[in-house]
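Chains as they are written, first to last, in this note's numbering: chain A, 32 to 506; chain B, 32 to 506. Cβ coordinates follow ideal geometry from the N, Cα and C atoms, glycine included. So the structure is just underneath, and the comments pick up after that.
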């Protein structure tokens, strides 16, 4: 296939590509900047085709550096800025990256081989020989996700994965060269990164933000600038509240909100309908390079709680059954599914019989709509971030005062869900000390927000903690 | 990849799929009909994966049979109904088809193994085991095109060719699930066939017609039913004239006319602009499975005479140069390019160094827009049909009264161009007899419309006819 960036700059040079903090780029200027940056990366010691990590919040400079990395055909490990130094270093070690490009604010998390993004921007621009053709099976990005084991696994996302994801998404909801995506999702998550990939493939503009700001988002929607946006339940609620309080009209130019990261409550959907906002609920994961099933807006209320049907290129099935309404593990197949993990999980097959086993439990109704009833490994989704109980439990057990630990999500008005810790402790236990220990080892959104000291944890016959019973301990 | 038809019927069963002579089909009913037809084809003796020919004008029954053939994974040789029995039989023999499905009106052109379409429709429906997954490299359709040799070559068009063509077309002009394509192009040409393939991939509706009818087309446009249509200069002129004479308004719901088969005159573009019709001029051929370069409507007048830039997945270059404004042979590369011919041309490489050499002459301007200056082998495009002079010359030379023959196109107000014959004859020459001979051996649109008896033909040093000098003989 053609080099997407060179092709995009050739085909639609004058179309708007990116806007960030008042700075705007056409596809021509953005790709020119990416070419320059590629030359600067070479000066900074980056080798084409090598595996490098990026550690930066959203910015135009991050976008330019991502695109530059693609021009150099590097494998880009996208690190989550919210993680602690311990977490980041574990990932960097597992990925065996040659260099890490980090902003000055983030660099303290990296032990070695760090290059400051701000310094790269000052480097001499070397002339780089760039491939005009790319290979589908090459790795574009790598993102870490924990899953059932509690140990983060690096997921390889190829050019083919991203391309088929972008194309099947467009077949589902349509696309127009005039679409403008508002992106407040972090680019280090596939939800944000995939917006960037769709942008270059579709030739669309991205309005990028470092973080979600309700007033700014609402402004871009009601003035008719933004046509699409990705949200989670929490950000959707903020937007709806502001629209309602200020009695604002959403113009028909706003086409779609893609809502991921767990089910959107019915009352939000009704409010969205009232506000003239079309919601497409979606189900996907890092291993499926973003969406794998999406519910069209016209079905939002008729199929409440469903995440829709597979996208055009994908197949989905429930393990062990072809009957409707029978629950089982959700399995996915298609050109968007990662071919492999990297690092210590590299030898683990992502597939069984050609199908990705997601660990999530769900069923299909009699019209073939998917309902996800239980997220993998008791996944806690907090403000759109995935939190795996096993990972928190391992940290808790690392402290001498904690003898046993179980973690589950507890409903939270603002974040949807937050982690709660159930622990069996020593006589010397002091909560402040364990909390401080968590803060040092975990991203703050993963630190337990509720603490319960108990005499024992509910366990099954093989002594595994039954996390779904933890909440019952409270009642 | 998934079986497109089963996937489409699963994903959007209730969406409109097809309309023909007042009969309408949703995607569910259309695919159900195709499944039944597949069962009837089995009863009629068709073997899955075999190569069969279809010989029928446009109809819903033809669409159902094409889709049924895909469900059986047959290779479909799409025969041009306008061809003579001699021409059809040469193609069938070359393609070595096991059976031919023809309408009763067309069956006289087929010597053996013909099955009447009307009879297939009455056959018992057998249960068929259909593959749920398809392979990109499998052949979907085969179409004959003459090219420089004058001898029709069967072009293999794979599932991957059609898929990438449909996807890159959508990236160029956008697509919406609500789009409705009006199709008066014959389904046996790639211009029409690709509308059917895009329909199943996009999930769009097709308004199908057996032939172009100005009043009906204008009705579908002005009532807001149709959103897209493929035209050639001749049909575009008819539509514009009717709109102008009746002073009709084209609603904004009509999005695009895709104009192929040669350059659209400037005065048509100006009239189209006046009528509020957006024109995208395109360049493509059977070997590229439809479009390979298309000029966006906003550039129609700024880049007069250009056919635009390559589609997103494609690359194009001019043989022997990378400089703008230098003419040379147009070469094309991409996943939409046929992998091979069949039959007696099966061993001929379609590619040289990975590039399809089109035989057409063109150049790029300094912004990378393609201009086609000379069609391959002095191609005559008459009302959207391609006519190759060499093929007509061979027929002429088959008659004893003709000693030498040269054919070129002459401008025609209605058809754009029509073939003219320049012949050196015997003393016993009688024009009526040669004309009748042509009619028996050639589709009527290929028969010369102008006859010139000359004493000698312009030839170059190696005695090849210089067709571009033929017209000069008249002045």
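*The beta strand (DSSP E) spanning residue 388(A) covers which residue range?*
Residue 388(A): member of the beta strand (DSSP E) spanning 386-395, first to last residue.
*asked:* Tell me the DSSP secondary structure of residue 183(B) in three-state form.
replied: Three-state DSSP puts residue 183(B) in coil, outside helix and strand.
*asked:* What does DSSP give as the partner residue(s) for residue 352(B) in the beta ladder?
replied: Beta-bridge analysis with DSSP links residue 352(B) to 349(B).
*asked:* Any beta carbon from chain A within less than 9 angstroms of residue 228(B)'s own beta carbon?
replied: Chain A contact via Cβ: absent.
*Quick one: does residue 171(B) have its CB under 9 angstroms from some CB of chain A?*
So no, residue 171(B) is outside the interface.
*Taking only beta-carbon atoms, is residue 33(B) less than 9 angstroms away from chain A?*
Using beta-carbon distances, residue 33(B) counts as an interface residue toward chain A, with a partner under 9 angstroms.
*Measure the Cβ-Cβ separation of residue 440(B) and residue 453(B) and say whether it is below 9 angstroms.*
Contact annotation: residue 440(B) and residue 453(B) have beta-carbon atoms that are not nearer than 9 angstroms.
*Note down, in chain order, every chain B residue with its Cβ under 8 angstroms from the Cβ of residue 232(A).*
Chain B residues near residue 232(A): 202 and 343.
_CB contact check: residue 509(B) to chain A, cutoff 9 angstroms_ = The shown model of chain B, from 32 to 506, leaves out residue 509(B), and the question about it has no answer.
*Inter-stretch contact at 8 angstroms, needing at least 3 Cβ pairs: the stretch 412-427 of chain B / the stretch 472-488 of chain B*: The stretch 412-427 of chain B, when compared against the stretch 472-488 of chain B, does touch it at the 8 angstroms Cβ threshold.
*Identify every residue that forms a DSSP beta bridge with residue 436(A).*
Answer is 454(A).
*Name, going along the chain, the residues of the stretch 314-347 of chain B whose beta-carbon falls closer than 7 angstroms to a beta-carbon of chain A.*
Listed by position along the chain: 340, 343, 344 and 346.
_residue 43(A) and residue 82(A) closer than 9 angstroms at C-beta_ = No.
*asked:* Per DSSP, what are the beta-bridge partners of residue 84(B) in this structure?
replied: 108(B) and 131(B), per the DSSP bridge assignment.
*asked:* Contact defined as beta carbons within less than 8 angstroms: I believe residue 205(A) pairs with residue 261(B). What is the distance between those atoms, to the nearest angstrom?
replied: Between residue 205(A) and residue 261(B), the beta carbon gap of about 20 angstroms keeps them out of contact (Cβ cut-off 8 angstroms).
*Using DSSP with H/G/I as helix, E/B as strand and the rest coil, what is residue 253(B)?*
Taken through DSSP and simplified to helix, strand or coil, residue 253(B) comes out as helix.
*Output the boundary residues of the alpha helix (DSSP H) element that contains residue 229(A).*
That run of the alpha helix (DSSP H) goes 221-233.
*Compare the C-alpha of residue 317(B) against each of 188(B), 412(B), 501(B) and 361(B) and name the closest.*
Per the C-alpha coordinates, the member of 188(B), 412(B), 501(B) and 361(B) positioned closest to residue 317(B) is 188(B).
*Just curious, the alpha helix (DSSP H) that residue 469(B) is in, first and last residue?*
Counting along the chain, the alpha helix (DSSP H) containing residue 469(B) begins and ends at 462-472.
*Give the C-beta separation of residue 343(A) and residue 196(A) to the nearest angstrom, bearing in mind that I take them to be a contact with Cβ-Cβ under 8 angstroms.*
Their Cβ separation, rounded to whole angstroms, is 11 angstroms, which puts residue 343(A) and residue 196(A) out of contact at 8 angstroms.
*Please name the residues in the stretch 197-221 of chain B whose beta-carbon is closer than 7 angstroms to at least one beta-carbon of chain A, in chain order.*
Listed by position along the chain: 198, 201, 202, 205, 206, 207 and 208.
*Since residue 361(A) sits in a beta bridge, which residues does DSSP pair it with?*
Within the DSSP bridge table, the entry for residue 361(A) names 349(A) as partners.
*DSSP three-state call for residue 204(B): helix, strand or coil?*
Of the three classes helix, strand and coil, the one that applies to residue 204(B) here is helix, per DSSP.
_Run of the beta strand (DSSP E) containing residue 165(A), from where it starts to where it stops_ = Per DSSP, residue 165(A) belongs to no beta strand (DSSP E) and is neither H nor E.
*Could you pull the start and end residues of the alpha helix (DSSP H) that residue 120(B) belongs to?*
Residue 120(B) -> alpha helix (DSSP H) spans 116-126.
*Determine the DSSP secondary structure at residue 496(B), reduced to helix, strand or coil.*
Here DSSP, grouped into helix, strand and coil, assigns residue 496(B) to strand.
*Going by the CB atoms, is the gap between residue 231(B) and residue 85(B) shorter than 9 angstroms?*
No.
*For residue 375(A), is the classification buried or exposed, using 16 other Cβ atoms within 10 angstroms of its Cβ as the cut-off for buried?*
With fewer than 16 other Cβ atoms within 10 Å, it is exposed.
*Quick one: what does DSSP say residue 341(B) is sitting in, helix, strand or coil?*
The three-state reading of DSSP puts residue 341(B) in strand, counting E and B together.
*Quick one: what's residue 70(A) bridged to in DSSP?*
Paired residues: none, contrary to the question.
*Could you please give me the residues that DSSP links to residue 417(A) through a beta bridge?*
Within the DSSP secondary-structure output, residue 417(A) pairs in a beta bridge with 412(A).
*Of the choices 160(A), 218(A) and 144(A), whose alpha-carbon is the least far from that of residue 172(A)?*
Looking at the Cα atoms, 218(A) is the closest of the given residues.
*Identify whether residue 376(A) lies in helix, strand or coil by the three-state DSSP scheme.*
In this structure, residue 376(A) counts as helix in the three-state DSSP scheme.
*Proximal residues to residue 162(B) (C-beta, below 8 angstroms), its chain only, five neighbours per side dropped*: Cβ neighbours of residue 162(B) within its own chain (closer than 8 angstroms, five residues either side excluded): 34 and 104.
*Under the three-state reduction of DSSP, which class applies to residue 212(A): helix, strand or coil?*
Strand, per DSSP.
*Closer than 7 angstroms at the beta carbon, the chain A residues around residue 399(B)*: Under the 7 angstroms cutoff, chain A gives 41.
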